[in-house]
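These notes are about the structure you will find just below.
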Amino acid sequence: MPTLTIPKKLLKKDADLVVIPRKEYEALIRGKNGYKKTTVVKRSPSFRVAKKDEPFYDALDQELTDALRDVDNGNVYGPFDSVEKLRKSLES
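Numbering-wise (the UniProt record's numbering), the sequence shown opens with residue 1 and increments by one.
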């Protein structure tokens, strides 16, 4: 069994110390073993639409769900201070 020596300067008086394997720590940081927020957009049953418009609203719900998933994962750009910075980002 491996033995650890922890310097006293790292320990604080009222702090707890937890030692875990590096792979588990990295997985926690990446969020693999932690809580994953899942947002699903679905229109309310009280929001009635015509039969011919249902595919449009179903696709809209799916696109909104995908957009919120991107925001949760950090796959977004902006906000931008100026239009020039926005254009530069879009063109790159």
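Glycine included, every Cβ here is placed at the ideal spot set by N, Cα and C. None of the values given here were measured: they were computed from a predicted structure.
Starting from Thr39, trace the alpha helix (DSSP H) in both directions and tell me its first and last residue.
That residue, Thr39, is in no alpha helix (DSSP H); it is neither H nor E in DSSP.
Since Leu64 and Val41 should fall inside the 8 Å C-beta cutoff, what is the C-beta to C-beta distance between them, to a whole number of angstroms?
Indeed, because the Cβ distance is near 4 Å, the residues count as touching under 8 Å.
Relative to the alpha-carbon of Pro79, which residue among Asn73, Asp72, Ser89, Asp70 has its alpha-carbon at the smallest distance?
Residue Ser89 is the option with its Cα nearest to Pro79.
Does the separation of the CB atoms of Leu68 and Thr39 fall below 7 Å?
Against a cut-off of 7 Å, the Cβ pair of Thr39 and Leu68 comes out as a contact.
How big is the Cα-Cα spacing for Lys29 and Lys51?
Checking the sequence shown, residue 29 turns out to be Ile, not Lys. Answer to the nearest angstrom: the Cα atoms are 45 Å apart.
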